[in-house]
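J.: Just so you know, the protein sequences line up as chains A and B, in that order.
If you're matching positions, the first sequence starts at 174 in this note's numbering and goes up one per residue.
If you're matching positions, the second sequence starts at 16 in this note's numbering and goes up one per residue.
Note that the Cβ used here is the ideal one computed from N, Cα and C, for glycine as well.
All values reported here derive from a predicted model rather than from experimental measurement.
Okay, here's the structure, questions in a sec.
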Amino acid sequence: MSDLSHPPPRTPAADATISVPEIQAGPEPAGRAAEFVGRSPNQLAWLRLKRDRTARASALTLLVAAVVALGAPLLGRLTGIDPTDKFVDRLNDFGMPIGYAGGISSDHWLGLEPGSGRDILMQLVYGLRTSLFIAFTSALLASCIGVAVGVLAGWARGWLDSLVNWLIDLTLAFPFLIFALAVIPILQDRFYSDREAPSPAFRVALIVATFGLFSWTYTARLVRGQVISLREREFVDAARAAGAGTAHILLRQLLPNIWAPILVTVSLMVPQFIAIEAALAFVNIGVTEPTPDLGRMIFNSIGYVASDPWYTLFPGLTIFLLVLAFNLLGDALRDSLDPRSTR
Amino acid sequence: MNGVTNGQAAVAGDAGRLAGEPLLSVRGLTKHFPVRQGLRARGAVRAVDGLDFDVRPGETLGLVGESGCGKTTTGRMLVRLLEPTSGSIMFAGRDITHGGRRELRALRQDLQIIFQDPYASLNPRHTVGRIVAMPLQVNRITPPGGVKKRVQELLELVGLNPEHYNRYPHEFSGGQRQRIGIARALALKPKLIVADEPVSALDVSIQAQVINLLRDLQRDLDLAFVFIAHDLAVIRHFCHRVAVMYLGKIVEIGDRDTIYTRPQHPYTRALLSAIPDVTTLGPAGRIRLTGDVPTPLNPPSGCRFRTRCWKATDHCATEEPALTTRDDGGQLTACHYPESGPVGVPTGEPGSNERT
């Protein structure tokens, strides 16, 4: 009776993963109704992601890291070691851990810190916590700002758009590291006198705020471009012709379409923040003692790199694996969400 | 402007012939897009320049014309996706020309649009059910029996399987997608649908099916249509009345049969002669227009078609022809020198304008 005899268009995505059952005209027998479940673009992306071996491997790595970071107190109770415990009796007169490979033993699986005598495994596990917390919070903050600003600029256009573009250019023109080097100590002096030590939470908040303030630009540009291209699409006009307001159009019509690229930027922002956070700690404006931190561990270990290279190795390797896994997962995510993109 | 007075005269003639209160009544509808260079306005693109027409309940009006003549702009103004520069749109006795969103809310339910591109007009991230239910959701309408039941009824109405409720647009063909778009337009039980080239993006074999679907719906639901197309065969198949547009103006408007058999305006004749006819060989009877459509930034004085018309005189350049009844024709024509006689026997000297 109609064009229903024509097979549905086969997108490469649909072809690759699932076979689209022939669409038939007329009512279906009730028993077969269950077959008619469409797969959303998101579900297709998820199927593609699940089939990606790199994605699976990196996701597993990150899952392990997340579980370890979340379960850090449990691990501490299991081994009976606190990250601040100092095992000075296991150090020799020069402050170096006794034993091979940085003092690796059945009690201290990754050895001890030279000088302080703290357990490296516990420092590492709690440091992972700090790193992941800062990276995720900052990525969330930056994305929220970026999405809000991008949607606003793309939707409003006109002078507001120009202003936002100008603001983005201005933000990008600031050298981030130098700014952080200058601003973090200044702000700390403003809130704390020389004598009192700043609370660790203050430093963490400061770092998160700095990251958020500097990293919303990429998301904002991306979202702005997406909104500008999507707002001209006819489904937006259809919603408006049906009487939809701006809130409906932005939240129900546009946002579902820009979720995918936002997710990709978040997944690529996190490893960037992990690395930069470590770099900040390395130049001594990161998280302060006694909060364990991977970057500061490396900073501390540099003095012992000739005598005890293991101390450098473990936090370095952890950061490396973490950043690599996040980046690979981000790439896999992008590929699965946009199957047409070729690398 | 004289378009309004002409229009009133035109409508008087029209109304005498066609009884009944018009559902949609357009007077002097104009849309100018400002052209800016820097901050200063530099003139305007006169996309639509003073349209007058009526659509009665259950009637289909075809808007034809070549690309860029303002058909789509007109359609978008009718459903108020674009704000008219001037003129008025009366719908069911109410002036809707400049209403805000709240005032338009009731109107939206009676006046819907079908879009040209079935690939761009459906949100790729929404299920078919959600797409078709969107107008109900936006207007907070809960039909008896629930939203899902209503959506499935609509899908059935447009010839789709109601079980496809949970599917996504990418799983459908172009023709099926257009049916989804039609179901969405029908969700609010409109009285008038603006169909903006609903079939021009479709395969020819599918075009006929969608057109037949629209015609069945029009008959069964007593819908009025403003049907925008550049395909004259489609218009002839679907529309009761036809308005021919050229450069933002209606040059001829009348009943389908009158327009197709005894067109008076030279442009209509040229347009009709351009329909490919497989039964005759060669360019027999084909009126070839020379030159391009003038820019709507600076349209010609007087009759806008005069730069390409083989009958044009100085009179055409100085006085704009009114859209009115000429030589006892059944239609309204905006031409000082209307053609007469059935189509196929060109009375003018089109050959003189023809380059070989």
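(1) If I measure Cβ to Cβ from F387 (chain A) and keep anything under 6 Å in the same chain, skipping five residues before and after, which residues do I get?
(2) Helix, strand or coil: which one does DSSP assign to K206 (chain B)?
(3) Tell me the residue span of the beta strand (DSSP E) that contains P49 (chain B).
(4) If you measure from the beta carbon of P214 (chain A) to each beta carbon in chain B, is any gap under 8 Å?
(5) Below 7 Å between beta carbons is the criterion; list the residues of the stretch 424-442 of chain A that meet it against any residue of chain B, in chain order.
(6) Would you call the CB atoms of Q349 (chain B) and A332 (chain B) closer than 8 Å?
(7) Roughly how many whole angstroms lie between the Cα atoms of G317 (chain A) and I221 (chain B)?
(8) Mind reading off the beta-carbon distance from I274 (chain B) to I197 (chain B)? Whole number of angstroms is fine, and I expect it under 8 Å.
(9) Would D258 (chain A) pass as an interface residue toward chain B - the criterion being a Cβ-Cβ separation below 8 Å?
(10) Beta-carbon within less than 6 Å of T283 (chain B)'s beta-carbon, same chain only, minus the 5 sequence neighbours each way: which residues are those?
(11) Can you have a look at N138 (chain B) and say buried or exposed, based on whether 16 or more other CB atoms are within 10 angstroms of its CB?
(12) Any beta carbon from chain A within less than 8 Å of K206 (chain B)'s own beta carbon?
(13) Give me, in chain order, the residues of the same chain whose beta-carbon lies closer than 6 Å to that of V237 (chain A); leave out the 5 immediate sequence neighbours on both sides.
(14) What do you reckon, are the CB atoms on V377 (chain A) and I307 (chain A) nearer than 8 Å?
(15) So which residues on chain B does R413 (chain A) lean against when the C-beta distance must stay under 8 Å?
(16) Strictly by DSSP, which residues pair up with Y261 (chain B)?
(17) Keeping to the same chain, check which residues put their C-beta closer than 6 Å to that of F320 (chain B); ignore five residues upstream and five downstream.
(18) Could you give the distance in angstroms between the alpha-carbon of A412 (chain A) and the alpha-carbon of D225 (chain A)?
(19) Between the C-alpha atoms of N181 (chain B) and E354 (chain B), what's the straight-line distance to the nearest angstrom?
(20) Using a threshold of 8 Å, state whether the C-beta atoms of P246 (chain A) and D481 (chain A) are closer than that.
(21) Decide if L502 (chain A) is buried, meaning its Cβ has at least 16 other Cβ atoms within 10 Å, or exposed.
(22) Taking three-plus beta-carbon pairs below 8 Å as touching, is the stretch 229-249 of chain B in contact with the stretch 69-83 of chain B?
(23) Give the single residue among B:G77, B:R42, B:L38, B:L66 whose Cα lies nearest to the Cα of G269 (chain B).
(24) If the cut is a Cβ gap below 8 Å, which residues of chain B does A537 (chain A) touch?
(25) Helix, strand or coil for T142 (chain B) per DSSP?
(26) Quick check on this structure: which residue in B:E36, B:I243, B:H185 has the alpha carbon closest to the alpha carbon of K86 (chain B)?
(27) Which runs of the beta strand (DSSP E) spanning at least 3 residues fall entirely within the stretch 114-199 of chain B, listed in chain order?
(28) Checking contacts by CB at 8 Å: is D410 (chain A) closer than that to chain B?
(29) Please list the terminal residues of the continuous beta strand (DSSP E) segment that includes L66 (chain B).
(30) A206 (chain A) to Y183 (chain B), Cα distance in whole Å?
(31) Suppose you measure from the CA of G115 (chain B) to the CA of I208 (chain B); what does that come to, to the nearest Å?
(32) Less than 8 Å separating the beta-carbons of H252 (chain B) and V79 (chain B)?
(33) Using a C-beta to C-beta distance shorter than 7 Å, which residues of chain A count as neighbours of Q127 (chain B)?
(34) For Y298 (chain A), which of A:L343, A:I447, A:T485, A:A239 has the nearest alpha-carbon?
(35) In the structure shown, what three-state DSSP assignment does L441 (chain A) receive?
(36) Counting only beta-carbon separations shorter than 8 Å, does F130 (chain B) have a partner in chain A?
T.: In brief:
(1) Here the set comprises F349.
(2) coil
(3) Looking at the DSSP string, the run of the beta strand (DSSP E) that includes P49 (chain B) is 39-52.
(4) yes
(5) Q426, P429, N430
(6) For the record, residue 349 (chain B) in the displayed sequence is Ala; it is not Gln. Their beta carbons are not under 8 Å apart, which means A349 (chain B) does not touch A332 (chain B) by this criterion.
(7) Going by the sequence as given, residue 317 (chain A) is Cys instead of Gly. Cα-Cα distance, rounded: 45 Å.
(8) Not quite, the Cβ-Cβ distance comes to about 26 Å (not below 8 Å), so this is no contact.
(9) no
(10) V259, E267
(11) So N138 (chain B) counts as buried.
(12) It does not: the Cβ of K206 (chain B) has no partner Cβ on chain A nearer than 8 Å.
(13) none
(14) Yes, the Cβ-Cβ distance between V377 (chain A) and I307 (chain A) is below 8 Å.
(15) L96
(16) DSSP lists B:K264 as partners of Y261 (chain B).
(17) Y261, Y282
(18) 37 Å
(19) Between N181 (chain B) and E354 (chain B), the alpha-carbon positions lie close to 56 Å from each other.
(20) Between P246 (chain A) and D481 (chain A), the C-beta gap is not smaller than 8 Å, which leaves the two residues out of contact.
(21) buried
(22) Counting Cβ pairs under 8 Å, three or more are found: they touch.
(23) B:G77
(24) Because chain A spans 174 through 516 in this model, residue 537 (chain A) falls outside it and cannot be assessed.
(25) coil
(26) B:I243
(27) 126-129
(28) yes
(29) 55-70
(30) Any reading at A206 (chain A) is ruled out, since the residue's pLDDT is 44, under 50, leaving its predicted position unreliable.
(31) 20 Å
(32) no
(33) The contacting residues are A414.
(34) According to the sequence shown, residue 298 (chain A) is Val rather than Tyr. Of the listed residues, the one whose Cα sits closest to V298 (chain A) is A:A239.
(35) helix
(36) yes
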